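One structure is given below, encoded as structure tokens.
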Amino acid sequence: MMLMERLGRFCARAYLGLFFAYLFAPLFYMIAAAFNRSSVPTLSPWRGFTLHWFAVAWQDDRLWQALGTSFLVGCAVVVLSITLGLAGALLMSRLKARGRGLLYALLVAPVLMPGIVIGLSTAIFWDRAAQVSGFWGLAVLGQSSFISTYCMLIFMARLQRFDETLEEAALDLGASPRQVFWTVTLPYLRPALFSAVALAFIQSFENYNTTLFSIGIDETLPIYIAGKLRVGVTPAINAVACAMIAATLLAGLSFELARLYRRKRSRSRSRRIGHQAASS
Amino acid sequence: MSSALTRFGRLGLAYIFTATGLWLLVLMLLPLIVTIDYAFRPFLPPVDWGGPNDRYTFDNFAVVLLNKFNQTIFLKTIWASVLVTVLSLAACYPVAYTLAREKRSGRARWLAIALIIPFLVNELLRAFAWQLLLSYKGLFNQVLMSLGFISEPFDFINKNVGVIVGLVYTYLLFMILPLYTALESLDPNLVDAARDLGAPWWRIHWDVVLPHAKPGLANGCIVTFMLAAGSFAVPQLLGGTGSLWFTQLIYNQFNAINWNMGAAYAFCLVILCLVFIVIVMWLLRVRLSDIAR
Amino acid sequence: MKNDLALIGVAKTFGPHVAVQDVSVDIAEGSFFSFLGPSGCGKTTILRMISGFIEPSAGSIRLGTLDLAGIVPNRRPTALIFQNLALFPLMSVAENIGYGLKVRGVSAAARGRKVDEMLDLIALSGFAGKRIEELSGGQRQRIAIARALAVEPKVLLLDEPLSALDLKLRQHMRAELRTLQRRAGITFIYITHDQGEALAMSDRVAVMSKGQIEQIGGSSDIYDNPGSAFVASFVGESNILVGRITATDGQFAVIETAVGDLRGRNPKHLTTGDAAMLFVRPERLRIAAAEDDLVVNSLTGDINEVMFEGLTFIITLRHVSSRLVTLSLANDGTGLAFAPGSRQTVSFSPADGLILPAGPIARLDVVP
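So this is what it looks like as structure tokens:
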């Protein structure tokens with residue numbers, strides 16, 4: 001019995017190890033290949049360490065332009081998706097009428113729709129309705145149609161635990177509905193707002209399927225990468241990947257540290273107030 | 281509605297209804313309706329729009345579903361996506377279970393972070409990483425050949441292996457997370473009780489753990505299947521010309537400006553996803569409200 | 574007076590459900606008024622109509638000469654204390670109290686003065702910088718009242734604000750609320766299902782049932798002269814005996830019940846043959862001495878149970894007809910002269926028996 005259990009635990013450990021190797025090995029391989037002097041991205045044969053490919057990537061104007069477009073699209077998507085998602089969340093959390101179920105299904109449907117279909121229908125609609133052909137603005141609209149849903153779900157999760165009498169109390173004390181929103185509802189939603197902004201930006205920044213169909217001749221970073229991958233791959237793309245992964249890790253790390261710092265500060269603050277109360 | 285007016289004010293209500301309405305109409309319903317409309321009309325030069333030839337027809341669908349070439353790809357996309365779903369489930373279940381049973385919360389947190397990191401890397405780059413390993417002159421073929429298992433490189437890319445491995449890799453997280461959420465809420469005492477009553481480990485999983493995880497299981501399977509079937513980047517990079525994916529057909533039509541045909545393909549893809557959802561829900565006997573939580 | 578609050582024929586229906594019907598009441602400025610009733614009787618709906626969160630389906634609500642119809646909650650001269658208090662968790666005590674002034678655009682300095690004044694009023698000076706989660710239940714209670722009073726409302730509405738507190742604190746807060754009301758000098762309208770609270774604090778009480786006012790009166794009036802079977806059964810404890818009038822004379826009548834013919838007051842002038850109910854408070858019953866066991870209104874039975882409650886003994890007597898009768902005896906420190914199981918006779922004076930028309934009574938299980 002003991003032996004069986006130990007064997008089982010060993011198998012579980014071994015499997016977990018294999019699983020994480022499966023997750024990380026390809027990424028490490030890709031990163032490492034960025035430093036090989038070879039003209040194709042590979043580790044074998046190893047032709048010596050170089051930073052040459054980073055320099056090549058750095059000097060590519062198209063890359064910078066694509067990065068700029070990605071930022072532009074990302075920021076626009078954040079603004080639009082937060083605006084739409086918040087409205088949807090407020091509506092869903094306060095609407096108690098019949099038809100709520102149907103409306104909810106409609107608003108959630110975009111995340112279940114293949115991204116490629118959203119991109120195609122965005123392109124077709126704007127071409128047909130307004131003779132607008134693809135450009136970065138269409139990509140914003142296409143992406144926002146489903147990223148707004150993510151934002152809405154984040155806001156709804158937070159609003160679910162919201163005590164609505166707080167809003168009534170504020171109204172009763174003389175605040176106008178607008179003041180209620182800015183002084184009571186929004187401060188409560190702040191953590192959800194941060195998550196929604198981060199998620200919306202990341203989703204937009206990473207998006208390929210929807211963007212591909214609606215962006216036309218403009219280029220976001222994923223579109224640029226896809227273009228690079230289609231013809232004549234050089235380790236420069238590995239260098240780009242390496243930089244992107246580093247940036248992502250750095251952003252994630254600082255986000256996590258900021259969270260820890262905030263929590264620590266609020267804890268020490270409440271302790272300080274506790275001391276004051278005890279000494280007074 | 282009068283209480284909503286007191287609560288939000290005229291301006292607030294105007295914002296809520298306009299924003300939601302625009303989102304629903306302009307970003308979702310109208311594009312979808314126009315696309316469906318396109319799918320049922322023939323591809324015509326603009327001068328013939330509204331002319332005698334511009335009428336509703338099933339011709340596009342006949343091409344999508346009856347053409348031998350398209351049929352093969354459509355069916356391939358279905359079975360390969362199902363295979364991807366099953367493989368993901370098999371690969372993720374032990375991980376999700378181990379993670380959910382991990383008692384040290386700090387360790388579980390680090391494992392979770394480690395799980396998420398690869399998924400912050402762009403989908404294209406993840407597929408590219410596998411391309412480096414699986415290509416004709418890639419690492420796997422080099423290793424296998426130098427070990428003497430094969431005498432000439434194996435064509436992972438054109439034999440569908442690349443697509444399937446890549447898709448499993450790309451969408452693992454969407455299987456693990458719902459499974460983990462479902463398994464975490466399982467009372468560990470139930471497992472101990474079942475073991476105490478003498479059930480072998482596979483019975484414990486079959487009788488106790490799996491039924492509890494059913495909603496998460498359904499959620500994971502549905503999302504994984506839909507992401508796989510609707511994936512474009514992975515087949516583009518890890519599938520050769522000999523192993524096209526259904527989404528690539530859509531893109532080809534889009535590029536050829538035959539948007540009517542593209543819309544018909546897209547329509548079929550959406551229907552396929554819906555059918556899969558219904559089948560999974562029927563197989564697992566779960567309701568929509570169990571899944572969408 | 575100028576700021577008397579008047580409800581005139583107020584009604585509210587939610588679809589087919591009638592929450593409040595035809596409620597008319599005048600509430601004098603500066604008085605402490607309570608709406609008392611079991612949950613679901615419509616009292617909260619009345620409060621929300623006064624504060625403006627619900628529009629009445631019919632009737633009007635006036636403050637002095639001002640008709641409140643169509644005035645949104647944030648412009649009404651009323652302030653509401655919520656059942657859960659609804660203190661803003663992300664704001665400090667001072668920010669909570671100053672909130673109403675801030676949204677009115679009052680300067681920070683003037684706000685600060687008002688906050689200090691309010692903290693003085695509720696005896697919590699020095700608490701300005703505290704966070705809400707650091708306060709005790711009673712302190713939160715007082716902060717909520719200070720926050721409402723800071724905007725100088727004409728009427729303060731309180732929605733069962735004491736229900737979340739424990740018994741001791743609840744009793745302490747009763748006295749405190751009453752004192753605060755005197756000091757603030759404005760109208761308090763209090764909603765509760767707890768008759769003890771209503772009777773202890775109020776100048777006047779309206780007892781409600783099923784969306785209607787059963788009776789309005791002063792506390793002792795409600796207790797001693799209930800106007801209906803519902804009020805008599807809801808307010809305070811009573812032995813309730815159902816029967817039929819067999820004789821009347823002047824202010825009194827005789828009612829035939831399962832435990833015999835009993836005599837009591839007949840304020841509603843019921844006549845022979847009417848279905849009626851007799852209400853006798855437990856504290857008005859007394860153990861009859863052996864020699865006067867032939868007086869009117871005597872009931873004989875075995876002592877079933879004795880419960881000691883400190884101030885009183887609560888004694889249940891099983892009448893020979895097997896009906897249970899409850900009486901309470903003051904604890905004078907000498908203990909009880911009889912044991913459970915012994916046979917005793919109890920009686921009450923006809924002036925302490927109240928005969929009312931038979932009607933719906935408040936059942937224990939509808940009182941939360």
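Protein chains in written order, with this note's numbering: chain A, 1 to 280; chain B, 281 to 573; chain C, 574 to 941.
In this text, a Cβ means the ideal position worked out from N, Cα and C, and glycines have one as well.
All figures in this text were calculated on a predicted structure; none of them were measured in a lab.
For LYS494 of chain B, the three-state secondary structure derived from DSSP is helix.
Contact between the segment 709-718 of chain C and the segment 628-644 of chain C is absent, with fewer than three C-beta pairs closer than 8 Å.
The beta-carbon distance between VAL728 of chain C and THR752 of chain C, rounded to whole angstroms, is 18 Å. This is too long to meet the 8 Å contact definition.
Within chain B, no residue has its CB atom less than 7 Å from the CB of THR165 of chain A, the nearest being about 12 Å off. For the C-beta of GLU5 of chain A, not a single chain C residue is nearer than 7 Å; the gap to the nearest is close to 45 Å. For GLY685 of chain C, no chain A residue has a C-beta closer than 9 Å to its own C-beta; the minimum C-beta separation is roughly 17 Å. Nearest in C-alpha terms to SER38 of chain A, of all of A:ALA246, A:GLY252, A:THR248, A:ALA239, is A:ALA239. The segment 578-625 of chain C contains, as complete beta strand (DSSP E) runs of 3+ residues, the segments 578-587, 590-600, 605-609 (chain order). Scanning the segment 612-691 of chain C for uninterrupted alpha helix (DSSP H) segments of 4 residues or longer gives 616-624, 666-675, listed from N- to C-terminal end. Within the model, the alpha-carbon separation for ALA236 of chain A versus LEU63 of chain A is close to 11 Å. Per DSSP, ALA737 of chain C lies in no alpha helix (DSSP H) segment and is marked neither H nor E. Within chain C, the residues placing a beta-carbon under 9 Å from that of SER283 of chain B are PHE626, ILE627, GLU628, ordered along the chain. If you look at ASN812 of chain C, you'll find it in the beta strand (DSSP E) that goes 812-822. Here ASN839 of chain C really is in contact with ALA826 of chain C; their C-beta atoms are around 4 Å apart, less than 8 Å. Non-local C-beta neighbours of ALA924 of chain C in its own chain, meaning closer than 7 Å and more than five positions away in sequence, comprise ARG838, ordered along the chain.
Around the beta carbon of ALA584 of chain C, 16 or more other beta carbons lie within 10 angstroms, which makes this residue buried. Within the model, the alpha-carbon separation for THR618 of chain C versus PHE655 of chain C is close to 13 Å. Within the segment 635-646 of chain C, the residues whose Cβ lies closer than 9 Å to any Cβ of chain B are, in chain order, VAL645, PRO646. When C-beta atoms of the segment 104-116 of chain A are compared with those of the segment 172-180 of chain A, fewer than three pairs fall below 8 Å, so the two segments do not count as touching. Look at the segment 169-188 of chain A: the residues with a C-beta under 9 Å from a C-beta of chain C are ALA169, ALA170, LEU171, ASP172, LEU173, GLY174, ALA175, SER176, PRO177, GLN179, VAL180, THR183, VAL184, PRO187, TYR188. Close partners of MET30 of chain A in chain B (Cβ separation under 8 Å): LEU405, PHE408, ALA409, LEU412. Straight-line spacing of the CA atoms in ASP776 of chain C and ALA601 of chain C works out to 10 Å. Between the segment 495-504 of chain B and the segment 201-212 of chain A, the count of Cβ pairs shorter than 8 Å is below three; the stretches do not touch. As DSSP reads the structure, HIS892 of chain C sits in a beta bridge with C:GLY874. Between TYR796 of chain C and VAL808 of chain C, the gap from beta carbon to beta carbon is short of 8 Å. Contact between MET30 of chain A and ALA409 of chain B holds, with the beta-carbon distance rounding to 4 Å and staying under 8 Å. In the pairwise beta carbon analysis, the segment 356-374 of chain B is classified as touching the segment 504-513 of chain B: at least three pairs are separated by under 8 Å. Secondary structure note for LEU221 of chain A: its alpha helix (DSSP H) is the uninterrupted segment 221-230.
Each residue's CA atom was taken as its position, placing ASP472 of chain B and LEU463 of chain B some 15 Å apart. ASP334 of chain B sits exposed, since fewer than 16 C-beta atoms from the chains shown fall within 10 Å of its C-beta. LYS687 of chain C is classed as buried because its beta carbon has at least 16 other beta carbons within 10 Å across all chains shown. Of the residues C:ARG720, C:SER698, C:ILE860, C:VAL679, the one whose Cα lies closest to the Cα of ALA659 of chain C is C:ARG720. In the DSSP assignment, ASN36 of chain A forms a beta bridge with A:PHE49.
Using a Cβ-Cβ cut-off of 8 Å, ALA659 of chain C counts as an interface residue toward chain A, since at least one Cβ of chain A sits closer than that to its own. Note that the C-beta distance between PHE911 of chain C and ARG857 of chain C is not below 8 Å. Under the three-state reduction of DSSP output, PRO930 of chain C falls in the strand class.
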